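Asker: Below you will find the structure I want to go over with you.
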Amino acid sequence: MVQQYQSPVRVYKHPFELIMAAYVRRFPNCPLIPIFVDSEVVKEEHSDDGATVFIERRCKVEADAPRLFKRMAGVDYLYFIHKNTLDRRERALHIEVVNETFSNRVIVHEICNYRVHPENEEWTCFEQTASLDIKSFFGFENAAEKLAMKQYANSIKKGKEIIEYYLKELEDEGVTHVPRWSPPQAPPPTARLQLPLTSAPANAILVPTAEETLSASPTDLPPGSPDDKLDADYIRRYLGDLTPLQESCLIRLRQWLQETHKGKIPKDQHVLRFLRARDFNLEKAREILCQSLTWRKQHQVDFLLDSWERPQLLHDYYTGGWHHHDRDGRPLYILRLGQMDTKGLVRALGEESLLRQVLSINEEGLRRCEENTRVFGRPISCWTCLVDLEGLNMRHLWRPGVKALLRIIEVVEANYPETLGCLLILRAPRVFPVLWTLVSPFIDENTRKKFLVYAANDYQGPGGLVDYIDREVIPDFLGGDCLCEIPEGGMVPKSLYRTAETLESEELRLWTDTIYKTASVFKGAPHELLIEISEPSSVITWDFDVCKGDVIFNIYHSRRAPQPPKRDVQGAHSSIVSPATNNMQLIDRSWILGQDYSMVETALTCKEGESVQGSHVTRWPGFYILQWRFHCSPACSTSSLPRVDDVLASLQVSSHKCKVMFYTEVLGSEDFRGSMTSLESSHSGFSQLSAATTTSSQSQSSSTVSRKTSAVPTPANEDLTLPKGMRELL
Numbered sequence: 001m002v003q004q005y006q007s008p009v010r011v012y013k014h015p016f017e018l019i020m021a022a023y024v025r026r027f028p029n030c031p032l033i034p035i036f037v038d039s040e041v042v043k044e045e046h047s048d049d050g051a052t053v054f055i056e057r058r059c060k061v062e063a064d065a066p067r068l069f070k071r072m073a074g075v076d077y078l079y080f081i082h083k084n085t086l087d088r089r090e091r092a093l094h095i096e097v098v099n100e101t102f103s104n105r106v107i108v109h110e111i112c113n114y115r116v117h118p119e120n121e122e123w124t125c126f127e128q129t130a131s132l133d134i135k136s137f138f139g140f141e142n143a144a145e146k147l148a149m150k151q152y153a154n155s156i157k158k159g160k161e162i163i164e165y166y167l168k169e170l171e172d173e174g175v176t177h178v179p180r181w182s183p184p185q186a187p188p189p190t191a192r193l194q195l196p197l198t199s200a201p202a203n204a205i206l207v208p209t210a211e212e213t214l215s216a217s218p219t220d221l222p223p224g225s226p227d228d229k230l231d232a233d234y235i236r237r238y239l240g241d242l243t244p245l246q247e248s249c250l251i252r253l254r255q256w257l258q259e260t261h262k263g264k265i266p267k268d269q270h271v272l273r274f275l276r277a278r279d280f281n282l283e284k285a286r287e288i289l290c291q292s293l294t295w296r297k298q299h300q301v302d303f304l305l306d307s308w309e310r311p312q313l314l315h316d317y318y319t320g321g322w323h324h325h326d327r328d329g330r331p332l333y334i335l336r337l338g339q340m341d342t343k344g345l346v347r348a349l350g351e352e353s354l355l356r357q358v359l360s361i362n363e364e365g366l367r368r369c370e371e372n373t374r375v376f377g378r379p380i381s382c383w384t385c386l387v388d389l390e391g392l393n394m395r396h397l398w399r400p401g402v403k404a405l406l407r408i409i410e411v412v413e414a415n416y417p418e419t420l421g422c423l424l425i426l427r428a429p430r431v432f433p434v435l436w437t438l439v440s441p442f443i444d445e446n447t448r449k450k451f452l453v454y455a456a457n458d459y460q461g462p463g464g465l466v467d468y469i470d471r472e473v474i475p476d477f478l479g480g481d482c483l484c485e486i487p488e489g490g491m492v493p494k495s496l497y498r499t500a501e502t503l504e505s506e507e508l509r510l511w512t513d514t515i516y517k518t519a520s521v522f523k524g525a526p527h528e529l530l531i532e533i534s535e536p537s538s539v540i541t542w543d544f545d546v547c548k549g550d551v552i553f554n555i556y557h558s559r560r561a562p563q564p565p566k567r568d569v570q571g572a573h574s575s576i577v578s579p580a581t582n583n584m585q586l587i588d589r590s591w592i593l594g595q596d597y598s599m600v601e602t603a604l605t606c607k608e609g610e611s612v613q614g615s616h617v618t619r620w621p622g623f624y625i626l627q628w629r630f631h632c633s634p635a636c637s638t639s640s641l642p643r644v645d646d647v648l649a650s651l652q653v654s655s656h657k658c659k660v661m662f663y664t665e666v667l668g669s670e671d672f673r674g675s676m677t678s679l680e681s682s683h684s685g686f687s688q689l690s691a692a693t694t695t696s697s698q699s700q701s702s703s704t705v706s707r708k709t710s711a712v713p714t715p716a717n718e719d720l721t722l723p724k725g726m727r728e729l730l
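Per the UniProt record's numbering, residue 1 is the first one in the sequence shown, and the count goes up by one each step.
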């Protein structure tokens, strides 16, 4: 497997020429990098005017590996080829590094760039990418890969120290400025490029090493796209201290989102939460993040705080609320679960209303984290939750209530990972272990480690509540002096209970009240949507996600009105279609393409997980048909002989079914803004999770494809572990 690294943008607040002069001091070897033994110039070329210099060096590095590895490899030193191109006119240095040793077994490729900061010409930016591909290494490929990546990460840190060390050395010598290069007035034919510094060899400025390039950090931002890259100072200020490899994972996932989810990029803090939830495994984090983004989009969660009005019952009987912050500046949420009539709330409001209440709490928590980050001047990405269990009894173990709780936990775990910094459970009664046994399998292991349980009044002693919350904000009902404006709860009157049928219809309305619709696409049974256009130049916009399978998207026009749609529910696919499945077929089989109807857009093949946004400016009035058709992968059709895998797949009905989630709208040409990727009318942006993004106008009719990877999160199946304090309670 190829290991990749992408650095953030590191900004040196020194001119480009001074940064280059600092590198002069570390060649041909550097005492700050003991493993860097020596280097020699293999090739050197200069342009006629001295503006461009190319130097190729062969660097000798000691093999910092266990003795067993050295004996198997039969080498004590590793050799790398550094190709450095300095452009003095543009004030840029490009570095390319490849390995010479074991080049038939291992491929190391590194590219580094130094450029002038785009907004301040007195600053210098550095950026670096690298890849490692170990094809074979005496049967120890995995071990060699881990060792190489560990040493690589260490060298990245060391590189920054080297730059700063030699900058300080130059300053001590009184060198604080290096003149910029200027074209010679009358350059002789054999003119040699001269460095402005006389204290260093003429070619020393040209050759930063892999170790240094590893540790400096990114480059300038392309003009017009200042948000495309992250710089190291921003990461440290708003995201926290990350290791070089963690920074790389964040940047690579962010770049992937920029390429595939145009106009809908979550904020960096939110992306980082998903990476942390999967221990910075890029593929796993990408899967659950894309699944969560689709969920937010379908249920319009981004507009929940502004659009949902809490029922009065929740204001009166839901015993939870925000209360100041903890000692670390994290928002503090207090829930008096023992005083809450969970059964009454479920019977009076339904499971979905309680779920929306919890989602609104989490959305508010995200807002408060951003606000506290600005207030306290340090990254705050999670909150603390204090749960008071005084009054908890067997009534709280009512089965439908526990079922609702488990579902809420599952939704929150899937879509709000790493938002809980600490959970303080106070005054836990003896019935609590029973509840914990029921809910803990649905809680992620990393989250369970954040639980602290205090029985009776243990929270009042050393190691208790005062270790996490300042005394002046401890609520009055816990013995503090701070007034806590949280409802005291009580029993919900039975007169407010509603029937199961009423609750079911209400819950169905809550989660089907969405601008997005879903449809199933079968092999031989496409899903088609009819749009009637009365005025030419109207704009048909669409925004859809391919949730399952691969589809082909087409747009057709016909002057004839199709027959009433046929819903394929009880037909040939009745064995695999649920009653709620939506599959419409409008184009009559007797119609001839080119006579009865025509194709107005080039067919677009969309893979599973892709998100597609686009528009079409109509030329004629009539009937337009949007069609999603089942697509067979080429692997299944190129071979004349069936493969075993294809035969087995054909026996599975689900392999012939696709699923799409779509939204369409017709706009007047005067109302259309021309952005195919933002689609303001479709509300596809993430108002709470994404920063403002802009995209350029597209042509008259185009489609933009962005990929999403679907993954259904499942509850953790690890062995039950007891949180701190639980054993004493038992």
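We put the CB at the ideal spot given by N, CA and C, even for glycine. All figures in this text were calculated on a predicted structure; none of them were measured in a lab.
Confirm, please, whether the CB-CB distance from H315 to C484 is below 8 Å.
Answerer: The residue labelled residue 484 in the question sits at position 484 within the sequence shown. The residue labelled residue 315 in the question sits at position 315 within the sequence shown. For C484 and H315, no; Cβs fall outside 8 Å.
Asker: For R296 and F303, I'd like the C-alpha separation in whole angstroms.
Answerer: Within the sequence shown, the letter at position 296 stands for residue 296. Within the sequence shown, the letter at position 303 stands for residue 303. Near 9 Å, if we compare the C-alpha coordinates of F303 and R296.
Asker: Return the chain-ordered list of same chain residues with a C-beta closer than 6 Å to the C-beta of P562, the five sequence neighbours on each side being excluded.
Answerer: Sequence index remark: in the sequence shown, residue 562 carries index 562 (1-based). Excluding residues within five positions, the ones whose Cβ falls inside 6 Å are L586.
Asker: Apply the 10 Å Cβ neighbour rule to G421 and answer buried if 16 or more other Cβ atoms are within range, or exposed otherwise.
Answerer: For the purposes of this step, residue 421 is taken as residue 421 along the sequence shown, with counting starting at 1. Flag for G421 reads buried.
Asker: Quick one: grab the DSSP three-state call for G320.
Answerer: By one-based count along the sequence shown, residue 320 stands at place 320. Correct three-state label for G320: strand.
Asker: Where G464 and Y454 are concerned, what is the direct C-alpha to C-alpha distance, given to the nearest angstrom?
Answerer: The residue labelled residue 464 in the question sits at position 464 within the sequence shown. The residue labelled residue 454 in the question sits at position 454 within the sequence shown. Distance between the alpha carbons of G464 and Y454: 8 Å.
Asker: Can you give me the start and stop residues for the beta strand (DSSP E) that D545 sits inside?
Answerer: On the sequence shown, position 545 is the one that residue 545 refers to. Here the beta strand (DSSP E) through D545 covers V539 to K548.
Asker: If we count the other Cβ atoms within 10 Å of its Cβ and call it buried at 16 or more, is A414 buried or exposed?
Answerer: On the sequence shown, position 414 is the one that residue 414 refers to. Its Cβ being crowded by 16 or more others within 10 Å, A414 is buried.
Asker: State yes or no: is the C-beta of residue 731 within less than 8 Å of the C-beta of P15?
Answerer: For residue 731 there is no data in the structure shown, the boundaries of the chain being 1 and 730.
Asker: With a Cβ-Cβ cutoff of 8 Å, do E488 and T373 count as a contact?
Answerer: Along the sequence shown, read from residue 1 onward, the residue named residue 488 stands at position 488. Along the sequence shown, read from residue 1 onward, the residue named residue 373 stands at position 373. The answer is no: Cβ separation not under 8 Å.
Asker: Hey, quick one: how far does the beta strand (DSSP E) through S131 stretch, first residue to last?
Answerer: Your numbering for residue 131 matches position 131 in the sequence shown. Note, S131: beta strand (DSSP E), T124 to I134.
Asker: Check for me: the beta strand (DSSP E) holding I625 runs from which residue to which?
Answerer: In the sequence shown, the residue the question calls residue 625 occupies position 625. Start and end: G622 to F630.
Asker: Taking the alpha carbon of I625 as the reference point, which residue from H325, T541, F80 and G159 has its own alpha carbon closest?
Answerer: Translated into the one-based positions of the sequence shown, residue 625 becomes position 625. Answer by Cα proximity: T541.
Asker: Which ranges would you report for the alpha helix (DSSP H) in the region 295–382 if only whole runs of at least 4 residues count?
Answerer: Here the runs fully enclosed are 304–307, 312–317, 342–349 and 351–376.
Asker: If you draw a straight line from the C-alpha of R378 to the C-alpha of D76, how long is it?
Answerer: Here residue 378 is taken as the residue at index 378 of the sequence shown, counted from 1. Here residue 76 is taken as the residue at index 76 of the sequence shown, counted from 1. Rounded to the nearest angstrom, the two C-alpha atoms are 45 Å apart.
Asker: So, with DSSP's three-state summary, where would you put K284?
Answerer: The residue given as residue 284 occupies position 284 in the sequence shown. Reduced to three states, the DSSP call for K284 is helix.
Asker: Would you kindly work out how many angstroms separate the C-alpha atoms of N554 and P400, rounded to a whole number?
Answerer: For the purposes of this step, residue 554 is taken as the residue at position 554 of the sequence shown. For the purposes of this step, residue 400 is taken as the residue at position 400 of the sequence shown. Taking the straight line joining both Cα atoms gives about 46 Å.
Asker: Would you kindly check if the distance between the Cβ of V551 and the Cβ of F630 is under 8 Å?
Answerer: One-based indexing of the sequence shown puts residue 630 at position 630. One-based indexing of the sequence shown puts residue 551 at position 551. Yes, the Cβ-Cβ distance between F630 and V551 is below 8 Å.
Asker: Could you pull the start and end residues of the beta strand (DSSP E) that K60 belongs to?
Answerer: Position 60 of the sequence shown, counted from the first residue, corresponds to residue 60. Note, K60: beta strand (DSSP E), T52 to E62.
Asker: Between the region 246–262 and the region 169–186, are three or more C-beta pairs nearer than 8 Å?
Answerer: Judged by Cβ distances under 8 Å, the region 246–262 makes no contact with the region 169–186, as fewer than three pairs qualify.
Asker: Over the uninterrupted alpha helix (DSSP H) stretch that includes M20, give me the two end residues.
Answerer: Along the sequence shown, one-based indexing puts residue 20 at 20. Residues F16 to V24.
Asker: Based on DSSP bridge pairs, tell me the residues matched to Q185.
Answerer: Your numbering for residue 185 matches position 185 in the sequence shown. Per DSSP, none; premise fails for Q185.
Asker: What are the complete beta strand (DSSP E) segments, minimum 3 residues, inside the region 373–431?
Answerer: The qualifying runs are 383–388 and 420–428.
Asker: Pairing CB atoms from the region 36–54 with CB atoms from the region 112–122, are three or more of them under 8 Å?
Answerer: In short, these stretches do not touch, since the Cβ pair count stays below three.
Asker: Measuring CA to CA, which of L86, E161, D279 and W628 is closest to E445?
Answerer: The residue you call residue 445 lines up with position 445 of the sequence shown. Of the candidates L86, E161, D279 and W628, the one whose C-alpha sits nearest the C-alpha of E445 is D279.
Asker: Can you tell me whether A525 is buried or exposed? The criterion is at least 16 other CB atoms within 10 Å of its CB, across all chains shown.
Answerer: As a first step, residue 525 is located in the sequence shown; it is residue number 525 there, counting from the start. When all chains shown are included, A525 counts as buried.
Asker: Quick one: residues in its chain with C-beta nearer than 7 Å to the C-beta of P429, no 5 flanking neighbours on either side, listed in chain order?
Answerer: Position 429 of the sequence shown, counting from 1, holds the residue named residue 429. Within the same chain, P429 has close Cβ partners L389 and L392.
Asker: So, using beta-carbon positions, are V412 and V358 closer together than 8 Å?
Answerer: What you label residue 412 is simply residue 412 of the sequence shown in a count that begins at 1. What you label residue 358 is simply residue 358 of the sequence shown in a count that begins at 1. Against a cut-off of 8 Å, the Cβ pair of V358 and V412 comes out as a contact.
Asker: Could you check if Q595 is buried or exposed, using at least 16 other CB atoms within 10 Å of its CB as the buried criterion?
Answerer: Taking the first residue of the sequence shown as position 1, residue 595 is located at position 595. Exposed, since its Cβ has fewer than 16 Cβ neighbours within 10 Å.
Asker: What is the rounded straight-line gap between the Cα of V9 and the Cα of L293?
Answerer: Working through the sequence shown from its first residue, we reach residue 9 at position 9. Working through the sequence shown from its first residue, we reach residue 293 at position 293. Their backbone Cα atoms lie some 27 Å apart in a straight line.
Asker: Could you name each continuous alpha helix (DSSP H) segment of 4 residues or more that falls completely within the region 429–511, going from the start of the chain to the end?
Answerer: Within the region 429–511, the complete alpha helix (DSSP H) runs of at least 4 residues are 432–439 and 445–448.
Asker: Would you mind reading off the limits of the alpha helix (DSSP H) that contains H270?
Answerer: Locating residue 270 in the sequence shown gives position 270, counting from the first residue. D268 to A277 is the extent of the alpha helix (DSSP H) around H270.
Asker: C112 lies in the beta strand (DSSP E); which residues open and close that run?
Answerer: Translated into the one-based positions of the sequence shown, residue 112 becomes position 112. From DSSP, the beta strand (DSSP E) with C112 extends over V106 to V116.
Asker: DSSP three-state label for A232, please.
Answerer: By one-based count along the sequence shown, residue 232 stands at place 232. Helix, per DSSP.
Asker: Within 10 angstroms of the Cβ of L651, are there 16 or more other Cβ atoms? Answer buried if so, exposed if not.
Answerer: For the purposes of this step, residue 651 is taken as the residue at position 651 of the sequence shown. In this prediction, L651 scores a pLDDT of 42, lower than 50, which makes its location untrustworthy; the coordinate-derived value is nonetheless stated afterwards. That one is exposed.
Asker: What's the call for R192, buried or exposed, on a 16-neighbour Cβ count within 10 Å?
Answerer: Your numbering for residue 192 matches position 192 in the sequence shown. Low confidence applies to R192: its pLDDT is 44, below 50, so where it sits in the model is not reliable, and the reading given next is rough at best. Classification of R192: exposed, given that the 10 Å Cβ count is below 16.
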